[in-house]
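Engineer:
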Amino acid sequence: MSAADPLLDLPFDAQLDPDEFLRAAMRWHFSPETGSPFWLEFARSLDFDPLTDVRTFDDLARFPNVASRLRFARVEDLIPRGYGTRPDVVGVYESGGTTGTPKRVVVLRDWLDRLVAWSSAQLDAHGVPRGVNWLCAVPSGPHMVGTVMARQTAYRGGLAFHIDLDPRWVKKLIADGQSAQAGGYGEHLIEQLAFILQTQDIGVLVTTPPILERLARRDDLVQLVNDKVRAINWVGTQMDPDTRHLHRTEVFPKVTLYGGFGNTMILGNASERPGLTDDDPCVYDSFSPYITFRTIDPETGRTVPYGERGQVVMNHVSKSLFLPNNLERDYATRIAPPDGQVGDSVADVAPVATFDNQTVIEGVY
Numbered sequence: 000m001s002a003a004d005p006l007l008d009l010p011f012d013a014q015l016d017p018d019e020f021l022r023a024a025m026r027w028h029f030s031p032e033t034g035s036p037f038w039l040e041f042a043r044s045l046d047f048d049p050l051t052d053v054r055t056f057d058d059l060a061r062f063p064n065v066a067s068r069l070r071f072a073r074v075e076d077l078i079p080r081g082y083g084t085r086p087d088v089v090g091v092y093e094s095g096g097t098t099g100t101p102k103r104v105v106v107l108r109d110w111l112d113r114l115v116a117w118s119s120a121q122l123d124a125h126g127v128p129r130g131v132n133w134l135c136a137v138p139s140g141p142h143m144v145g146t147v148m149a150r151q152t153a154y155r156g157g158l159a160f161h162i163d164l165d166p167r168w169v170k171k172l173i174a175d176g177q178s179a180q181a182g183g184y185g186e187h188l189i190e191q192l193a194f195i196l197q198t199q200d201i202g203v204l205v206t207t208p209p210i211l212e213r214l215a216r217r218d219d220l221v222q223l224v225n226d227k228v229r230a231i232n233w234v235g236t237q238m239d240p241d242t243r244h245l246h247r248t249e250v251f252p253k254v255t256l257y258g259g260f261g262n263t264m265i266l267g268n269a270s271e272r273p274g275l276t277d278d279d280p281c282v283y284d285s286f287s288p289y290i291t292f293r294t295i296d297p298e299t300g301r302t303v304p305y306g307e308r309g310q311v312v313m314n315h316v317s318k319s320l321f322l323p324n325n326l327e328r329d330y331a332t333r334i335a336p337p338d339g340q341v342g343d344s345v346a347d348v349a350p351v352a353t354f355d356n357q358t359v360i361e362g363v364y
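As structure tokens, this is what we get:
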């Protein structure tokens, strides 16, 4: 294993100069001794030198969007050489396939530990209790979110219960016009979720807005959640402002409702800003400087003014992965970030209708 700049290994809540951190990351990812085969090879095609020409986060816009290459890249080539011959790999994970053939990333333990510690601090800020069991109705298998939730539960002192959720199958049913079959699958998920809620002590429910909406149609399950569950963490597809307000004020008034916005290609998520009222839009702050957003006009590539809507560009910069300038499938309102955060915060996230010439189908996730 090669020595990394100490800036790349600081605790998640350390105060650091973001541009110094970025330059340390460039040295790690683009030096022959420590960089990944993927980036060392790709760097030959660039018309600039990342080691000398990338000085600030604004310079990440110089990189092309390489996310589509992760559909076919050899996953071993994504691991930086600096981790040595036996890197501590947690898993290989895939995107949900909403915009075509899934893309793949490799998650290393140091990054997952950092993400879980940061996420746990966000949960604390929202008053989500520790020492309780979680019921996770989210994708597992090739999807990163299931692993993250299991690690998060253990980190916070609880036991994790899971139900299987295959978002690709639901998307396939919807694309084929089989809405009744997709609805039947949704009820199958609710039956599994209901049995666990009825028989186990559950303090936190993690699920997606479509599943939560289906659950809310059953008065017995709404009562169970209000009686047992102390927090609902909704992830995956987005929740419109009216539905969020309804859930927080009328359907689950006794429960803390907390949202996350992210995906596999940034190896994590942004967190709902603490302290928002029931009438505020759901604002997401990123895990800066590791995960950062820009909100752009897709026609011009220019950043839109605060308060206006644009398409979200995501960057991931950490010791374990470098994935810059990734134009995502989501539109959002650009929001001024909190002090110390690099890049934009975003609100009122919603998917585009088409992306990469594919119709965007969200389904249950």
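Under numbering that gives the first Met the number 0, the first residue of the sequence shown carries the number 0, and numbering increases by one thereafter.
Note that CB positions come from ideal geometry on N, CA and C, so glycine has one too.
Since the structure is predicted, the reported quantities are computational estimates derived from the model, not experimental observations.
(1) Roughly how many whole angstroms lie between the Cα atoms of Asp18 and Ser139?
(2) Beta carbon of Gln180: closer than 6 angstroms to some heavy atom of the ligand GDP?
(3) Would Thr248 and Gly126 be called neighbours here (beta carbons separated by less than 7 angstroms)?
(4) Would you mind reading off the limits of the beta strand (DSSP E) that contains Asp347?
(5) Along the beta strand (DSSP E) that carries Ser270, what are the first and last residues, could you check?
(6) What are the start and end residues of the alpha helix (DSSP H) that includes Val341?
(7) Specify, as a first and last residue, the run of the alpha helix (DSSP H) that Thr242 falls within.
(8) So Met148 is in the beta strand (DSSP E); what residue range does that whole segment cover?
(9) Identify, in the order they occur along the chain, each residue of the same chain with its Cβ nearer than 6 angstroms to the Cβ of Val89, setting aside the five sequence neighbours on each side.
(10) Count the other CB atoms within 10 Å of the CB of Asn314; is the residue buried (16 or more) or exposed (fewer)?
(11) Threshold first: 4 residues or longer. Then list the alpha helix (DSSP H) segments lying entirely within the stretch 166-252, N to C.
(12) How about the stretch 233-247 and the stretch 270-289: do they share at least three Cβ pairs that are nearer than 8 angstroms?
(13) Are three or more beta carbon pairs between the stretch 191-200 and the stretch 137-154 nearer than 8 angstroms?
(14) Could you check where the alpha helix (DSSP H) with Arg293 kicks off and where it finishes?
(15) Would you kindly report the start and end of the unbroken beta strand (DSSP E) that includes Thr51?
Structural biologist: Looking at the coordinates:
(1) 35 angstroms
(2) Judged by which ligands are present, the structure shown has none, so any question about the ligand GDP falls away.
(3) no
(4) Ser344 to Pro350
(5) Gly267 to Glu271
(6) The continuous stretches of alpha helix (DSSP H) do not include Val341, and DSSP gives it neither H nor E.
(7) Pro240 to Leu245
(8) From DSSP, Met148 is part of no beta strand (DSSP E) but of the alpha helix (DSSP H) over Met143 to Tyr154.
(9) Val106, Arg108 and Leu111
(10) The residue in question, Asn314, is buried, as its Cβ has 16 or more Cβ neighbours within 10 Å.
(11) The stretch 166-252 contains these whole alpha helix (DSSP H) runs: 166-174, 178-198, 208-214, 218-227 and 240-245.
(12) yes
(13) no
(14) Run containing Arg293: none in the alpha helix (DSSP H); it sits in the beta strand (DSSP E), Ile290 to Ile295.
(15) No beta strand (DSSP E) holds Thr51; the alpha helix (DSSP H) holding it covers Pro49 to Asp52.
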